[in-house]
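S.K.:
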Amino acid sequence: MKPDAARRRPGVGSGRPTEPAWGRRLLISLALSVLIVLVVIPVASVFGYAFSKGWDHYWNTLLRDPDTRHAMWLTLVVAPTSVLLNVVFGIAAAWALTRFEFRGRTLLTTFLDLPFAVSPVVAGLMFVLLFGATGVFGPQLQSWGVTIIFSTPGLILATTFVTLPFVARELIPVMQAIGPEEELAAITLGANGWQMFRRITLPNIKWGLLYGVILCNARAMGEYGAVYVVSGHISGQTDTLPLRVEKLLQEFDTAGSFAVASVLTFLALVTLIVKSFLEARTARDLEEAPADDAGLPPDDIEAPAASSEPASTSAAAITAAGI
Amino acid sequence: MSIRIAHVTRRFGAFTALDDVSLFVPSGQLLALLGPSGSGKTTLLRIIAGLETPDAGAVHVADLDVTNVAPREREVGFVFQHYALFRHMTVFENIAFGMRIRKTPSAEVEKRVRELLHLVRLEGLERRYPSQLSGGQRQRVALARALAVRPRLLLLDEPFGALDAKVRQELRQWLRHLHDEMHVTTVFVTHDQEEAFEVADHVVVMRGGRIEQSGSPQDVFDNPATPFVMDFLGQVNVFHGRLEAGQMHLGGIALDYPEYTHTESRNATAYVRPHELALERAPSQGTSLPVRVLHVNPAGAVTRVRVISEPFGVQLNVDLRPDDYSELRVQPGEQLFATPRRVRVFMQDDYVI
Numbered sequence: 005m006k007p008d009a010a011r012r013r014p015g016v017g018s019g020r021p022t023e024p025a026w027g028r029r030l031l032i033s034l035a036l037s038v039l040i041v042l043v044v045i046p047v048a049s050v051f052g053y054a055f056s057k058g059w060d061h062y063w064n065t066l067l068r069d070p071d072t073r074h075a076m077w078l079t080l081v082v083a084p085t086s087v088l089l090n091v092v093f094g095i096a097a098a099w100a101l102t103r104f105e106f107r108g109r110t111l112l113t114t115f116l117d118l119p120f121a122v123s124p125v126v127a128g129l130m131f132v133l134l135f136g137a138t139g140v141f142g143p144q145l146q147s148w149g150v151t152i153i154f155s156t157p158g159l160i161l162a163t164t165f166v167t168l169p170f171v172a173r174e175l176i177p178v179m180q181a182i183g184p185e186e187e188l189a190a191i192t193l194g195a196n197g198w199q200m201f202r203r204i205t206l207p208n209i210k211w212g213l214l215y216g217v218i219l220c221n222a223r224a225m226g227e228y229g230a231v232y233v234v235s236g237h238i239s240g241q242t243d244t245l246p247l248r249v250e251k252l253l254q255e256f257d258t259a260g261s262f263a264v265a266s267v268l269t270f271l272a273l274v275t276l277i278v279k280s281f282l283e284a285r286t287a288r289d290l291e292e293a294p295a296d297d298a299g300l301p302p303d304d305i306e307a308p309a310a311s312s313e314p315a316s317t318s319a320a321a322i323t324a325a326g327i
Numbered sequence: 008m009s010i011r012i013a014h015v016t017r018r019f020g021a022f023t024a025l026d027d028v029s030l031f032v033p034s035g036q037l038l039a040l041l042g043p044s045g046s047g048k049t050t051l052l053r054i055i056a057g058l059e060t061p062d063a064g065a066v067h068v069a070d071l072d073v074t075n076v077a078p079r080e081r082e083v084g085f086v087f088q089h090y091a092l093f094r095h096m097t098v099f100e101n102i103a104f105g106m107r108i109r110k111t112p113s114a115e116v117e118k119r120v121r122e123l124l125h126l127v128r129l130e131g132l133e134r135r136y137p138s139q140l141s142g143g144q145r146q147r148v149a150l151a152r153a154l155a156v157r158p159r160l161l162l163l164d165e166p167f168g169a170l171d172a173k174v175r176q177e178l179r180q181w182l183r184h185l186h187d188e189m190h191v192t193t194v195f196v197t198h199d200q201e202e203a204f205e206v207a208d209h210v211v212v213m214r215g216g217r218i219e220q221s222g223s224p225q226d227v228f229d230n231p232a233t234p235f236v237m238d239f240l241g242q243v244n245v246f247h248g249r250l251e252a253g254q255m256h257l258g259g260i261a262l263d264y265p266e267y268t269h270t271e272s273r274n275a276t277a278y279v280r281p282h283e284l285a286l287e288r289a290p291s292q293g294t295s296l297p298v299r300v301l302h303v304n305p306a307g308a309v310t311r312v313r314v315i316s317e318p319f320g321v322q323l324n325v326d327l328r329p330d331d332y333s334e335l336r337v338q339p340g341e342q343l344f345a346t347p348r349r350v351r352v353f354m355q356d357d358y359v360i
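Chains as they are written, first to last, in my numbering: chain A, 5 to 327; chain B, 8 to 360.
So, in structure tokens, the structure goes:
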């Protein structure tokens with residue numbers, strides 16, 4: 005027993021170089037203090053400021069102010085719509101990239117990351133130049149009575165562009181790891197394309213898809229730069245939650261600004277929790293033989309999978325799974 | 008249902024996976040496509056299933072051209088190499104899948120799945136998930152799933168490849184037995200000649216996208232058409248020599264080879280299987296090679312002896328039957344004489360290995 009116990013001591017025989025105890029403590033406290041200064045204090049102060057004028061003022065700012073209410077509503081329209089568009093695009097892109105060999109495949113993979121590389125402000129500007137009143141397509145669209153810039157379609161467009169890689173990027177490795185064989189098996193058993201997707205592909209990728217949706221949704225709700233450019237900051241019309249935070253701050257309503265910010269922060273925290281749960285599930289799906297699948301309820305083939313989605317995910321996630 | 012494959016060619020870029028392949032599989036036959044990897048056997052199987060499209064040629068099933076029929080309408084049962092079980096479904100739902108797609112009434116589905124579970128001896132495991140099954144059990148679920156929709160053809164891709172030796176042996180016999188009961192036309196792909204010979208009615212040996220030889224297991228083993236087939240179907244000793252006027256000259260010995268009557272001398276290669284070499288203490292007239300025993304392995308149905316022919320500089324494998332071995336009592340280091348009892352000769356100009 006004794007030699008065994010000795011071998012299990014941390015750092016001994018584990019193949020890792022060992023640091024002296026003071027070195028370890030120094031590194032840990034350094035990392036912790038950076039985390040506290042950059043993350044914990046700011047997040048805590050958001051809630052601190054939000055409630056600085058009391059509970060009543062907090063609720064008043066959030067619910068009585070029509071502009072804030074509108075911003076909340078607008079965010080609840082823009083983000084889920086963008087997420088939905090991204091789910092459709094993401095599945096299509098991941099499918100094309102993992103199931104087919106075609107010319108331009110590498111190019112498509114590269115372009116998939118473009119929205120991450122481009123500054124959101126530039127992205128917004130790009131849409132203004134394309135669809136604005138003096139832009140390339142703007143006058144034509146205007147003659148048909150379609151307004152994109154300074155209205156909701158523009159917001160959706162900009163948000164979708166900025167969040168484009170999230171779902172696809174998440175699905176590609178999952179679909180690659182699962183491989184096409186189960187899908188082919190379904191085909192030989194008589195399934196058509198839709199039945200194959202609905203009964204085989206979707207259940208296999210659902211955790212990865214949800215993970216992508218959660219990340220995409222978080223980014224979509226928090227998007228500022230691109231939306232700032234295309235919105236024209238019209239209070240009660242084109243202000244989303246992040247824009248409303250900035251506007252309230254400009255109007256010296258610090259407590260109000262922080263109240264709205266606290267809503268976004270709260271959403272971020274929920275996202276984090278859901279994300280870490282989904283991360284574990286996705287990792288398990290990527291394993292060859294997930295031994296603990298026993299705990300899953302048996303999939304009733306006739307029941308839609310949407311009914312088994314976790315309740316904690318956003319409205320967008322449920323819309324996404326329901327397609 | 009019979010399968011007729013006519014002049015099928017399939018290329019992947021510059022690589023020709025199948026080169027003008029024609030093959031007829033009579034209804035109810037159990038046929039093995041045998042060959043090394045890259046020989047095109049899996050591509051051929053996938054073309055029969057409709058999972059690949061040939062660049063040229065046609066596939067007929069029961070006299071109907073199915074070349075352009077989608078795989079879902081071909082009514083084939085396909086068992087994938089790694090089974091491709093639906094990981095999120097129970098054994099029951101895996102087997103029921105094809106029937107659910109066809110909207111079969113659930114009482115009937117239940118009945119058929121029970122029937123198949125009994126057939127593949129997996130009763131009591133229907134609530135399990137694929138991840139909770141052993142390799143052999145997964146294989147049988149895959150087979151039951153393929154059979155559930157009463158396919159016209161059963162196609163299996165390396166069906167026993169991923170299993171350990173003992174399970175493989177059991178499943179081979181079981182598949183043979185199952186086929187004798189069901190009589191569904193079955194094609195399976197394998198690179199294991201023993202497996203092909205044990206299970207199949209008919210063996211097709213493939214190499215480089217072409218059919219090298221096709222025939223009954225006995226026929227293919229006894230009369231290999233090419234050096235490749237000879238070499239591929241088990242161990243073989245190779246001698247290089249000359250053919251001249253009905254005789255094969257190998258170093259100091261001459262063997263009768265009446266098929267070659269020309270007086271002109273040609274280079275040729277002689278192939279002798281290990282069990283077709285006899286070991287003796289005294290030389291036979293003009294047909295024995297002096298050899299020295301290197302190694303003796305008496306474990307198994309035959310005693311494997313490794314000898315070296317010093318004038319030739321080649322090592323030979325000899326399989327001795329138990330009674331021959333007990334009579335001879337071979338010891339390493341002994342000087343003996345090896346006599347080929349049966350030789351297959353291939354002209355070198357005709358074939359290149």
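All residues carry an ideal CB built from backbone N, CA and C; glycine is no exception. Treat the numbers as computed from the prediction; the structure is a model and nothing was measured.
1. What does Pro207(A) touch in chain B if you count any residue whose Cβ is under 7 Å from its own?
2. Are there 16 or more other CB atoms within 10 angstroms of the CB of Leu39(A), so buried, or fewer, so exposed?
3. Distance check for Thr192(B) and Val298(B), CA to CA, integer angstroms please.
4. Counting only the same chain and skipping the five closest in sequence on each side, list residues whose C-beta sits under 7 Å from that of Thr50(B).
5. If you draw a straight line from the alpha carbon of Trp148(A) to that of Val73(B), how long is it in whole angstroms?
6. Does Ala56(B) get closer than 8 Å to chain A when you measure Cβ to Cβ?
7. So with CB distances below 7 Å, who are the chain A contacts of Gly105(B)?
8. Relative to chain A, which residues along the segment 126–142 of chain B have a C-beta separation below 9 Å, given in chain order?
9. Output the distance between the C-alpha atoms of Pro246(A) and Met225(A), rounded to the nearest integer angstrom.
10. Taking its Cβ as the centre, do 16 or more other Cβ atoms sit within 10 Å of Ala21(B), making it buried, or is it exposed?
11. Does any residue of chain A bring its CB to less than 8 Å from the CB of Ile12(B)?
12. By DSSP, does Gly248(B) sit in helix, in strand, or in coil?
13. Could you check whether Asn230(B) and Leu284(B) sit closer than 8 Å to each other, using their CB atoms as the reference points?
14. Rounded to whole angstroms, what's the CA-CA distance from Gln144(B) to Leu161(A)? Just pull it up for me.
15. Compute the Euclidean distance between the alpha carbons of Asp297(A) and Asn101(B), then round it to the nearest angstrom.
16. So which residues of chain B does Leu282(A) contact, with C-beta pairs closer than 8 Å?
17. So, for Arg179(B): in the same chain, excluding its five sequence neighbours on each side, which residues have a beta-carbon less than 7 Å away from its beta-carbon?
18. Roughly how many angstroms lie between the CA atoms of Glu306(A) and Leu92(B), to the nearest whole one?
19. Do you know how far the Cα of Gly52(A) is from the Cα of Pro84(A)?
20. Determine, using beta carbons only, whether Ala25(A) and Pro124(A) come nearer to each other than 8 Å.
21. How is Val254(B) classed by DSSP in three states: helix, strand or coil?
22. So with Cβ pairs under 8 Å, would you call Ile108(B) a contact of chain A?
23. As an exercise, report each continuous beta strand (DSSP E) stretch of at least 3 residues that is fully enclosed by the segment 20–47 of chain B, in chain order.
24. I'd like the span of the beta strand (DSSP E) that includes Glu287(B), first residue to last.
25. Examine chain A for any beta-carbon lying closer than 8 Å to the beta-carbon of Val4(B), and answer yes or no.
26. Just reading off the beta strand (DSSP E) that Asp164(B) is part of, what are its end residues?
27. Using the Cβ count rule (16 or more neighbours within 10 Å means buried), how would you classify Phe141(A)?
28. I'd like to confirm the pairing. Which residues does DSSP put opposite Gln322(B) in its beta bridges?
29. Between the C-alpha atoms of Arg107(A) and Ile45(A), what's the straight-line distance to the nearest angstrom?
30. Thr164(A) and Leu213(A): beta carbons closer than 8 Å?
31. Apart from the five residues just before and just after Val236(B), which ones in its own chain have a Cβ nearer than 6 Å to its Cβ?
32. So is Ala298(A) in contact with chain B if we call contact Cβ pairs under 8 Å?
33. Taking only the alpha-carbon atoms, compute the straight-line gap between Met130(A) and Ala137(A) and give it to the nearest angstrom.
34. Using 8 Å as the limit for Cβ to Cβ distance, is Phe22(B) near chain A?
35. Would you mind giving the Cβ-Cβ distance between Leu160(B) and Val68(B), rounded to the nearest angstrom? I have them listed as a contact below 8 Å.
36. Using the DSSP secondary-structure output, state which residues sit across from Pro224(B) in a beta bridge.
M.R.: Based on what the coordinates show:
1. In the first sequence, counting from the first residue as 1, residue 207(A) sits at position 203. Think of a sphere of 7 Å around the beta carbon of Pro207(A): the chain B residues whose beta carbon falls inside it are His95, in chain order.
2. For the purposes of this step, residue 39(A) is taken as the residue at position 35 of the first sequence. Classification for Leu39(A): exposed.
3. Sequence index remark: in the second sequence, residue 298(B) carries index 291 (1-based). Sequence index remark: in the second sequence, residue 192(B) carries index 185 (1-based). Straight through space, the alpha carbons of Thr192(B) and Val298(B) are spaced by roughly 49 Å.
4. Your numbering for residue 50(B) matches position 43 in the second sequence. The residues are Arg17, Ala24, Leu25 and Glu59.
5. The count along the first sequence starts at 1 and reaches residue 148(A) at position 144. The count along the second sequence starts at 1 and reaches residue 73(B) at position 66. Rounded to whole angstroms, Trp148(A) to Val73(B) spans 51 Å at the Cα level.
6. In the second sequence, counting from the first residue as 1, residue 56(B) sits at position 49. Any Cβ of chain A closer than 8 Å to the Cβ of Ala56(B) would place that residue at the interface, and such an atom is present.
7. For the purposes of this step, residue 105(B) is taken as the residue at position 98 of the second sequence. Within chain A, the residues near Gly105(B) are Leu193 and Gly194.
8. Within the segment 126–142 of chain B, the residues whose Cβ lies closer than 9 Å to some Cβ of chain A are Arg134, Arg135, Tyr136, Pro137, Ser138 and Gln139, listed in chain order.
9. Position 242 of the first sequence holds residue 246(A). Position 221 of the first sequence holds residue 225(A). Rounded to whole angstroms, the separation of the alpha carbons of Met225(A) and Pro246(A) is 8 Å.
10. By 1-based counting over the second sequence, the position of residue 21(B) is 14. The residue is exposed, with fewer than 16 neighbouring Cβ atoms inside 10 Å.
11. For this step, residue 12(B) is matched to residue 5 along the second sequence. So no, Ile12(B) is outside the interface.
12. Translated into the one-based positions of the second sequence, residue 248(B) becomes position 241. Note: Gly248(B) maps to strand in three-state DSSP.
13. Within the second sequence, the letter at position 277 stands for residue 284(B). Within the second sequence, the letter at position 223 stands for residue 230(B). Taking 8 Å as the Cβ cut-off, Leu284(B) and Asn230(B) do not qualify as a contacting pair.
14. Position 137 of the second sequence holds residue 144(B). Position 157 of the first sequence holds residue 161(A). Cα to Cα, the separation comes out at about 51 Å.
15. What you label residue 297(A) is simply residue 293 of the first sequence in a count that begins at 1. What you label residue 101(B) is simply residue 94 of the second sequence in a count that begins at 1. Note that Asp297(A) scores a pLDDT of 36, beneath 50, so its modelled location is shaky; the value from the coordinates is reported in the next line. Take the alpha-carbon of Asp297(A) and the one of Asn101(B): they are about 15 Å apart.
16. Within the first sequence, numbered from 1, the residue matching residue 282(A) stands at position 278. Per Cβ cutoff of 8 Å: no residues; Leu282(A) is ~16 Å from chain B at best.
17. Locating residue 179(B) in the second sequence gives position 172, where the first residue counts as 1. If we look at Arg179(B) and ignore the five residues flanking it on each side, its Cβ neighbours are Phe167, Glu202, Glu205 and Val206.
18. Residue 306(A) sits at position 302 when you count from the first residue of the first sequence. Residue 92(B) sits at position 85 when you count from the first residue of the second sequence. For Glu306(A), the pLDDT reaches just 32, beneath the cut-off of 50, and the residue's location in the model is therefore unreliable, leaving the point undetermined.
19. Counting from one through the first sequence, the residue named residue 84(A) turns up at place 80. Counting from one through the first sequence, the residue named residue 52(A) turns up at place 48. Cα to Cα, the separation comes out at about 29 Å.
20. For the purposes of this step, residue 25(A) is taken as the residue at position 21 of the first sequence. For the purposes of this step, residue 124(A) is taken as the residue at position 120 of the first sequence. Result no, Cβ atoms of Ala25(A) and Pro124(A) do not sit closer than 8 Å.
21. Here the question's residue 254(B) lines up with position 247 in the second sequence. First, the amino acid is wrong: residue 254(B) is Gln here, not Val. Here Gln254(B) sits in strand by DSSP.
22. Counted from its first residue, the second sequence places residue 108(B) at position 101. At a cut-off of 8 Å between beta carbons, Ile108(B) contacts chain A.
23. The qualifying runs are 22–32 and 37–41.
24. Here residue 287(B) refers to the residue found at position 280 when the second sequence is read from its first residue. Following the DSSP letters along the chain, one finds Glu287(B) inside the beta strand (DSSP E) bounded by residues Leu284 to Glu287.
25. Because residue 4(B) is not part of the residues shown, which for chain B are 8 to 360, the question remains open.
26. On the second sequence, residue 164(B) is found 157 positions in, with the first residue counted as 1. Boundaries of the beta strand (DSSP E) around Asp164(B): Leu160 to Asp164.
27. Working through the first sequence from its first residue, we reach residue 141(A) at position 137. Taking all protein chains shown into account, Phe141(A) has fewer than 16 neighbouring C-beta atoms within 10 Å of its C-beta and is therefore exposed.
28. For this step, residue 322(B) is matched to residue 315 along the second sequence. DSSP output for Gln322(B) lists Ile315(B) as bridge partner(s).
29. The residue given as residue 107(A) occupies position 103 in the first sequence. The residue given as residue 45(A) occupies position 41 in the first sequence. Cα to Cα, Arg107(A) sits roughly 50 Å from Ile45(A).
30. On the first sequence, position 160 is the one that residue 164(A) refers to. On the first sequence, position 209 is the one that residue 213(A) refers to. It is not a contact, given that the beta carbons lie outside the stated cut-off.
31. Indexing the second sequence from 1 puts residue 236(B) at position 229. The residues are Val212, Glu219 and Gln220.
32. In the first sequence, counting from the first residue as 1, residue 298(A) sits at position 294. For Ala298(A), the pLDDT reaches just 36, beneath the cut-off of 50, and the residue's location in the model is therefore unreliable, although a value from the coordinates is still provided. Yes, its Cβ sits closer than 8 Å to a Cβ of chain B.
33. In the first sequence, the residue the question calls residue 130(A) occupies position 126. In the first sequence, the residue the question calls residue 137(A) occupies position 133. Spanning the two alpha carbons is a distance of roughly 13 Å.
34. Counted from its first residue, the second sequence places residue 22(B) at position 15. With respect to chain A, the C-beta atom of Phe22(B) has no partner C-beta closer than 8 Å.
35. One-based indexing of the second sequence puts residue 160(B) at position 153. One-based indexing of the second sequence puts residue 68(B) at position 61. Sure, about 7 Å apart at Cβ, within 8 Å.
36. Working through the second sequence from its first residue, we reach residue 224(B) at position 217. BP columns for Pro224(B) are empty, so no partner.
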